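Chemist:
Protein chains: 2
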Amino acid sequence: MRELAGDVRHLSINAATLRRQLTLPGVIEACARRGIPAIDPWRDQVQAVGLARVTRQVRDAGLALTGYCRGGFFPAVDAAGLGAALADNRRAVEEAKALGATCLVLVAGALPGALAGRPTHKDIGLARAQVHDGIAATLEHARRVGVPLAIEPLHPMQAADRACINTLEQALDLCDALDPGRSGALGVALDVYHTWWDPKLALQIARAGRERLLAYHVCDWLVPTRDLVNDRGMMGDGVIELKRIRRLLEEAGYAGFVEVEIFSQAWWTRPADALLDTCVERYKGVV
Amino acid sequence: MRELAGDVRHLSINAATLRRQLTLPGVIEACARRGIPAIDPWRDQVQAVGLARVTRQVRDAGLALTGYCRGGFFPAVDAAGLGAALADNRRAVEEAKALGATCLVLVAGALPGALAGRPTHKDIGLARAQVHDGIAATLEHARRVGVPLAIEPLHPMQAADRACINTLEQALDLCDALDPGRSGALGVALDVYHTWWDPKLALQIARAGRERLLAYHVCDWLVPTRDLVNDRGMMGDGVIELKRIRRLLEEAGYAGFVEVEIFSQAWWTRPADALLDTCVERYKGVV
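Residue numbers (the working numbering), protein chains in the order written: chain F, 180 to 466; chain D, 180 to 466.
1) Report yes or no: is there a C-beta of chain F within less than 7 angstroms of the C-beta of ALA338/D?
2) Just to confirm before moving on: does the CB-CB distance between GLU438/F and HIS396/F stay below 7 angstroms?
3) On a Cα-Cα basis, can you pick out the residue from ILE314/F, ALA338/F, ARG270/F and THR281/F that is closest to ILE303/F?
4) Which full runs of the beta strand (DSSP E) of 3+ residues lie inside the region 404-444 of chain F, going along the chain?
5) Helix, strand or coil: which one does DSSP assign to ALA451/F?
6) Flag VAL418/F as yes if its beta-carbon sits less than 7 angstroms from any beta-carbon of chain D, otherwise no.
7) Could you check the C-alpha separation between ALA467/D and PRO359/D for me, to the nearest Å?
8) Buried or exposed, going by whether 16 or more other CB atoms sit within 10 Å of the CB of SER362/F?
9) If you measure between the beta carbons of LEU328/D and LEU357/D, is that distance less than 7 angstroms?
10) Is VAL367/F near the ligand FMN, with its Cβ less than 6 angstroms from a heavy atom?
11) When DSSP labels each residue in this structure, what does ASN268/F get in the three-state scheme?
12) Mind listing the chain D neighbours of GLY288/F? Cutoff is C-beta to C-beta under 8 angstroms, in chain order.
13) Do the region 338-349 of chain D and the region 381-398 of chain D meet, that is, are 3 or more Cβ pairs less than 8 angstroms apart?
14) Assuming PRO335/D and GLY296/F are in contact, meaning their beta carbons sit under 8 angstroms apart, how far apart are those beta carbons, in whole angstroms?
15) Can you find a CB in chain D that lies within less than 7 angstroms of the CB of GLY296/F?
16) With a threshold of 7 angstroms between beta-carbons, can PRO291/D be considered close to chain F, or not?
17) Can you name, in chain order, every residue of its own chain whose Cβ lies under 6 angstroms from the Cβ of GLU429/F, other than the five neighbours on each side?
18) Is TRP221/F near ALA264/F, with beta carbons less than 7 angstroms apart?
19) Curious, which full-length beta strand (DSSP E) runs of at least 3 residues does the region 276-340 of chain D contain?
20) To be precise: take each residue of the region 396-410 of chain F, compare its Cβ to all Cβ atoms of chain D, and keep it if any distance is under 7 angstroms. Which residues remain?
21) What residues of chain D sit near ASP302/F, judged by a beta carbon separation below 9 angstroms?
22) For the putative contact between THR191/D and PHE442/D, defined by C-beta atoms under 8 angstroms, what is the C-beta separation to the nearest angstrom?
23) Measure from the alpha carbon of PRO416/D to the alpha carbon of each residue in ALA255/D, LEU305/D and CYS398/D, then state which is nearest.
24) Between the region 273-280 of chain F and the region 251-259 of chain F, can you find at least three pairs of beta-carbon atoms closer than 8 angstroms?
25) Report the three-state DSSP secondary structure of LEU365/D (helix, strand or coil).
26) Quick one: measure Cβ to Cβ for ALA271/D and THR245/D, integer angstroms, because I've assumed they're closer than 8 angstroms.
27) Taking Cβ positions only, does PRO335/D come closer than 7 angstroms to chain F?
28) For LEU407/D, which residues of its own chain have a beta-carbon under 6 angstroms away from its beta-carbon, when the five flanking residues on both sides are left out?
29) Hey, VAL286/F and ALA342/F: beta-carbon distance below 7 angstroms or not?
30) Quick check on ARG212/D: buried or exposed, where buried means 16 or more other Cβ atoms within 10 Å of its Cβ?
31) In chain F, which residues lie less than 8 angstroms from ARG307/D when you measure between Cβ atoms?
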């Protein structure tokens, strides 16, 4: 198991962690200043500044991109909606390529309209079939462009509105169906927040192996948790066995970055420097 | 598939649904008045009135008990705590027998102290091992007394503090380990709220079969959900495919009651009659 305590060379910061405090150039600057070698930006953060400017700044700072958040949201109510989702995912693939991201993270999507509180239907089986087809179509394009796709299973409490892919096993079944050769073009982004509870986690991480493990995200599960989306904990403040899970990944062959991704109303109200310093300290101490 | 629209003969009311409005005698009276043939009381509700009085009232009203809520909470930090949990579960088995309940519902428990916001450790594997051992010991007693145990898998969002049994597959694995002969002494209580999202739900319901399906609970998943415990929806107000899931159960051999169990801050503020009338109406219309 790798030793993280001494430095930050395996640390990446998901830029959503600081989205209320800083623009993306501010995140890049704050990370570069601390020697943090990698980030994972969100599309809206990139669009707010402009793809060319971000690409240049990332390159100038010598940062790696451990992912690009996010493609996905494939389900729709009609052919026009399905087509629009595919077109948007093609654009996301191209942006990820321009940025030099190691993968495009896919949040599958779920019941159309549910994220806005108005689900148009309840057929989660249909949504899952549309996700299958959407990833299949996007994968063809992503292979040509050369950007791996990382399916991120989301916590079951987000199954209705954000992603109907809810376990690592389910994500890997999809990978095996669409990329049976384990080519490296399709894998998963494993986030401890979404998956720590899973009784089959160890088994499925071993099954995934190096070829499928494209990204690893950490934060913590607070007790009690007060919000289904924006109450993630700082590493060490919750109940997730971070070292045990990282060991499982590394035993399965994962040698990539450890990406901190914290959506938290509480942390978003703190100064950026305090938040980032705490991320570094906890990364070294408890991850 | 059974027709529920015409009457309430397969309806049961989990008494927690009305816990803020009525004492248990009030729930029994309100159900009996509507011809609802079954309830599922909670231990604290029984204790508030007295076991003998409840037993008599249930008998006089001719009600069936589709379960008794709840045994479980097996994990503990030391031998004394583990022993106390076993003793408490033996008492729960005996109370269930006195009441004539068809099963004792088990909410497994999880990290000791987590329900009070102070988890004493993070080892969910240890908690799961203690649940295995606790159910094994309780099962011996329950077999002698003649009360089936129904393991209730709880939603993964409750894995830290309420139950570390979080999928139907995991619950059935436990049943197969402890009761390989499918004797009827050990099975599951399937609640749509906890399990609707599961991509393996249909497969595991078929695996469970009549011998393992000891209780069926319904409510709905609201979009958005604003609380991890007390924001359940009335059937029809959320996104759960109630008829599809009931069909799966009945195809697997389930012929028991359909129990309405709604923990809801919103519904707890409504008059008991309005809540119960709505339960009946939705049971007939959308379940």
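Beta carbons: idealized from backbone N, C-alpha and C, even for Gly.
Since the structure is predicted, the reported quantities are computational estimates derived from the model, not experimental observations.
Modeler: If we stick to the structure as given:
1) Within the second sequence, residue 338/D is the residue found at index 159, counting from 1. It does; some Cβ of chain F falls within 7 angstroms.
2) For the purposes of this step, residue 438/F is identified with residue 259 of the first sequence, where counting begins at 1. For the purposes of this step, residue 396/F is identified with residue 217 of the first sequence, where counting begins at 1. Yes, these two residues count as a Cβ contact at 7 angstroms.
3) Within the first sequence, residue 303/F is the residue found at index 124, counting from 1. Check the Cα spacing between ILE303/F and each of ILE314/F, ALA338/F, ARG270/F and THR281/F: the tightest is with ALA338/F.
4) Counting whole runs of 3 or more residues, the region 404-444 of chain F contains the beta strand (DSSP E) stretches 437-439.
5) In the first sequence, the residue the question calls residue 451/F occupies position 272. ALA451/F falls in the helix class under three-state DSSP.
6) If you number the first sequence from 1, residue 418/F lands on position 239. VAL418/F counts as touching chain D.
7) Residue 467/D is absent from the model: chain D starts at 180 and stops at 466.
8) Translated into the one-based positions of the first sequence, residue 362/F becomes position 183. SER362/F should be labelled exposed.
9) Locating residue 328/D in the second sequence gives position 149, where the first residue counts as 1. Locating residue 357/D in the second sequence gives position 178, where the first residue counts as 1. It is not a contact, given that the beta carbons lie outside the stated cut-off.
10) The model depicted lacks the ligand FMN and carries no ligand whatsoever.
11) What you label residue 268/F is simply residue 89 of the first sequence in a count that begins at 1. Of the three classes helix, strand and coil, the one that applies to ASN268/F here is helix, per DSSP.
12) Within the first sequence, residue 288/F is the residue found at index 109, counting from 1. Correct list: empty, because the minimum Cβ distance to chain D is about 14 angstroms.
13) yes
14) Residue numbering aside, residue 335/D sits at position 156 when the second sequence is read from its first letter. Residue numbering aside, residue 296/F sits at position 117 when the first sequence is read from its first letter. That pair is no contact at about 22 angstroms.
15) Within the first sequence, the letter at position 117 stands for residue 296/F. Yes, because at least one Cβ of chain D sits closer than 7 angstroms to the Cβ of GLY296/F.
16) Locating residue 291/D in the second sequence gives position 112, where the first residue counts as 1. At a cut-off of 7 angstroms, the C-beta of PRO291/D has no neighbouring C-beta in chain F.
17) Walking along the first sequence from the start, residue 429/F turns up at place 250. The residues are MET180.
18) On the first sequence, residue 221/F is found 42 positions in, with the first residue counted as 1. On the first sequence, residue 264/F is found 85 positions in, with the first residue counted as 1. It is not a contact, given that the beta carbons lie outside the stated cut-off.
19) 283-286 and 328-330
20) TRP400, VAL402, PRO403, THR404 and LEU407
21) Position 123 of the first sequence, counting from 1, holds the residue named residue 302/F. Ordered by position in chain D, the residues that pass the 9 angstroms Cβ test against ASP302/F are GLU420 and ARG423.
22) Along the second sequence, read from residue 1 onward, the residue named residue 191/D stands at position 12. Along the second sequence, read from residue 1 onward, the residue named residue 442/D stands at position 263. Here residue 191/D turns out to be Ser, not Thr, going by the sequence shown. With 8 angstroms as the limit, SER191/D and PHE442/D do not qualify as a contact, their Cβ atoms being about 16 angstroms apart.
23) In the second sequence, residue 416/D corresponds to position 237, counting from 1. Sequence inspection shows Asp at residue 416/D; the Pro mentioned does not correspond to that position. For ASP416/D, the nearest C-alpha among the options comes from CYS398/D.
24) no
25) Within the second sequence, the letter at position 186 stands for residue 365/D. Reduced to three states, the DSSP call for LEU365/D is strand.
26) In the second sequence, the residue the question calls residue 271/D occupies position 92. In the second sequence, the residue the question calls residue 245/D occupies position 66. That pair is no contact at about 16 angstroms.
27) Start at 1 with the first residue of the second sequence, and residue 335/D comes out as number 156. Yes, PRO335/D counts as interfacial toward chain F.
28) The sequence position of residue 407/D within the second sequence is 228, counting from 1. Closer than 6 angstroms at the Cβ level, and outside the excluded window around LEU407/D, lie MET336.
29) Taking the first residue of the first sequence as 1, we reach residue 286/F at position 107. Taking the first residue of the first sequence as 1, we reach residue 342/F at position 163. Yes. Within cutoff.
30) The residue labelled residue 212/D in the question sits at position 33 within the second sequence. Exposed, because fewer than 16 other Cβ atoms sit within 10 Å of the Cβ of ARG212/D.
31) Within the second sequence, numbered from 1, the residue matching residue 307/D stands at position 128. Result: PRO378.
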